[in-house]
Structures are given as C-alpha cells and as structure tokens.
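Before any comments, here is the structure.
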Amino acid sequence: MNKKLDVYLAGPRGFCAGVERAILMVQEAIKKYGAPVYVRHEIVHNKYVVDNLKKEGAIFVEELYEIDQRDRPVIFSAHGVPKSVPKEAANLKLLYFDATCPLVSKIHKEVENFEKKNLPVILIGHHNHPEVIGTMGQTAKEIFLVENKEEVKHLPIQKNQQIAYVTQTTLSVDDTKEIIDEIKLHFKNVLEPKKKDICYATTNRQKAVKNIANLSDYFFVIGSKNSSNSLRLVEVAKNYGSQKAILIDDIDNFDPTILNSSSKIGITASASSPEILVSKMLGKIGQQFDLNIIESEYEKENIHFKIPQKLKEVV
Ligand code: SF4
1 MNKKLDVYLA
11 GPRGFCAGVE
21 RAILMVQEAI
31 KKYGAPVYVR
41 HEIVHNKYVV
51 DNLKKEGAIF
61 VEELYEIDQR
71 DRPVIFSAHG
81 VPKSVPKEAA
91 NLKLLYFDAT
101 CPLVSKIHKE
111 VENFEKKNLP
121 VILIGHHNHP
131 EVIGTMGQTA
141 KEIFLVENKE
151 EVKHLPIQKN
161 QQIAYVTQTT
171 LSVDDTKEII
181 DEIKLHFKNV
191 LEPKKKDICY
201 ATTNRQKAVK
211 NIANLSDYFF
221 VIGSKNSSNS
231 LRLVEVAKNY
241 GSQKAILIDD
251 IDNFDPTILN
261 SSSKIGITAS
271 ASSPEILVSK
281 MLGKIGQQFD
291 LNIIESEYEK
301 ENIHFKIPQK
311 LKEVV
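For the sequence shown, my numbering gives the first residue as 1, with consecutive numbering after it.
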C-alpha cells in the first residue's frame, strides 16, 4: 500500500481573466483568418500554453520585423506593448489585435493622465519585464523605475516635488507595500493610482498561498521560469511558512520520491498556468502516494474579459 499524502490545493489558482482572453484571441484569430497567426512575444508566460498554440498555428516572434508573411494577422501579448508597437504595425500595414490585459491598459491610462498633469512618474516593477517595457513606452517622458525601497531614496527627484506612482500588476503585494510606504515617506506630495495596480488575480493567488503555506512541508508552484506571478508565489510560500517552495515548470521531469519523508504538501498554479497541469502533477504524485486532496478556497472569482468584437465576426 502507498504512503498517504495530504495535498492542499490553493484556491483560487490558475488562469486569470486576462490570460483566458489573450489565449482565446489567438485561437479566434486562427479560426477566423486561418493559420498562421503571428504573436508578438509569448502571449502569456507559460511554455505549455505557447507550445499548444504553436501546434494550433501560431508563430511567435519577439519583434514585428521578424514577420515574414505580412498579409497575416499579428496579436500583441497580454503584457502590453509600448505605443511605438501599434505605430510600427500600422507602418508595416499589418492587421493587428492587441491582447493587452484590460488591467494593464488601465495602468497605461494612468501614466497618460499623470503625464497630462506633468508629474514625474515612478514605476514599481522589474527591469526588462515586458509589462514594464510596455508601461514605460506609454510616454515619451522619463519614467523612474524602482525595484526596491533602497532605489526610492536615490531617485533624482526633489523631495518636495509632487510625484505619482504606478506598479506592475504581478508584484508581491507585501514587497510593493514596503516600497509604496518608502515613496510616501520620502516624497511629501504623492498622487496614487485610484485603484491598486496589482491586479485581483495576483492578489488572490498570493492570499490563497498564504492561507495554506504553513500547512505543507513542500509547496509546489506550477508555472514557467519567466513568469513574474509564478516566481512571486514561490516567494510567498517560503515567506509564509512552507519549509520548501519550488517552481515546477517541467512536470515530466518531477521526481515524486523527494516526498518520501513528507506527509503534507501544497500546490498552486500561477495565473498563466492551466488547470490541466495541476491534474498532471497530481497524477504523477498519485502514482506513488495515496492522495488526500484538500481544496482550500480563499475566494471565488467570477471575472471574465470580452475579446474584441472584430475577432468574432465572420469574414
Ligand atoms: S495577472 Fe492580472 S494583469 Fe496579468 S493578465 Fe492576469 S488579470 Fe491581467
């Protein structure tokens, strides 16, 4: 008889509304225009999703000039793009669709509004992340990017000048709060975004992990290495009491024997990871252990974003 293993499943987990919409946009474009359909950058940061869309007829490029067949449509990824990208697409006479998550577009609007008010804008985010590149590309003016609270202290902005800030959507809620506190301490007059920029999906997935992290010896986050929200979930699991928290981006090579001395584990999937990977992980562990699955549900989500009408219309 196999050894018994308690498995706490975080809830909510997996696909968020922005990821669902972006994937559906690629699939609908392939349905409407036929293959291939180009996608600028990984539509969402998940290898499984990208590999499957390739099989369905998507071709992924990093820049528009890499597109060989200019009569094919192109879709911009969920992370958002600088304003220069749709301009370039128009210059190249490409048919393009923008799968930027509406919650990222909201931040682009904030940057525009702060620009109109002529305020210096601080962006809390990670260097070189495509969402950060997209947000910085919403204005011709300089945006001041900070990754930690130390960097706030060294910004080349007068302390008494009014400033505004925005954040990346997929940051650690706890770390970002510390940086915002530092901004408010350092600058006298701070204009904040109307609603928090870290999105509902990031917030809920982190809270769901906090809820169960200390119940597990091992905590597994299913997601890809280049996915910001996946990496943050690993940090959260570690910070909230899991003895070992590990990112699982290749279930085929996962060896369940590492759990031989465990009796309880936790599992979640990042906002860009499909539920099928959770089932696959459970199947793999279940070959060697008798699983007692405990679904925890921190919050129910019922958020969906519509795809552009133009993609649904029949040619
Ligand atoms: S993680 Fe948040 S911002 Fe990113 S696609 Fe999902 S809902 Fe949109």
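Cβ atoms here follow ideal geometry from the backbone N, Cα and C, with glycine treated the same way.
Span separating the alpha-carbon of residue i from that of residue j
i: Y65; j: N113; result: 31 Å
i: T176; j: K117; result: 24 Å
i: D71; j: V173; result: 43 Å
i: P179; j: Q69; result: Position check: residue 179 holds Ile in this sequence, whereas Pro was assumed. About 45 Å.
i: P73; j: E42; result: 15 Å
i: D98; j: I258; result: 43 Å
i: T135; j: S262; result: 43 Å
i: L5; j: N91; result: 58 Å
i: L94; j: I293; result: 49 Å
i: N46; j: E192; result: 32 Å
i: H154; j: S296; result: 43 Å
i: Y38; j: N260; result: 45 Å
Identity of the residue in the options nearest residue i by Cα
i: C16; options: K238, P73, L103; result: L103
i: H108; options: V146, T169, N148; result: T169
i: K83; options: N302, E115, V50, T139; result: T139
i: K151; options: D181, F219, I133; result: As written in the sequence, residue 151 is Glu, which differs from the Lys given in the question. Considering only alpha carbons, the answer is D181.
i: K3; options: K310, I294, I285, V166; result: I285
i: I265; options: G223, K244, H127; result: K244
i: G34; options: A58, N52, V50, A22; result: A58
i: Y96; options: A29, H127, F220; result: A29
i: N253; options: I222, S272, G241; result: I222
i: S273; options: H126, N52, D255, E142; result: N52
i: P120; options: N229, N128, K141; result: K141
Bridge partners - residue i, DSSP secondary structure assignment
i: L291; result: L5
i: L191; result: A164
Start and end residues, beta strand (DSSP E) containing residue i
i: T169; result: First-last for T169: undefined, no H or E at that position.
i: A245; result: 244-248
i: I267; result: 264-269
i: V74; result: 74-76
i: V39; result: 37-40
N-terminal and C-terminal residue of the alpha helix (DSSP H) that residue i is part of
i: T135; result: 130-136
i: F220; result: No alpha helix (DSSP H) contains F220, which is instead part of the beta strand (DSSP E) from 218-222.
i: R21; result: 17-33
i: V50; result: 47-56
i: L282; result: 275-286
i: I122; result: It is not in any alpha helix (DSSP H) - I122 instead sits in the beta strand (DSSP E) that spans 121-124.
Chain D contact for residue i (CB, 8 Å cutoff)
i: N226; result: Of the protein chains in this structure there is only one, and it is not chain D.
Is the region 209-217 touching the region 6-26, taking contact as three or more C-beta pairs under 8 Å? Touching, yes.
Could you check whether the region 156-170 touches the region 180-189, counting it as contact only if at least three pairs of C-beta atoms, one from each stretch, sit closer than 8 Å? Yes, since at least three Cβ pairs between the region 156-170 and the region 180-189 fall closer than 8 Å, the two stretches touch.
Segment contact, 8 Å Cβ cut-off, at least three pairs: the region 225-237 with the region 275-289: no
Would you check if there are 3 or more beta carbon pairs closer than 8 Å linking the region 17-28 to the region 300-312? yes
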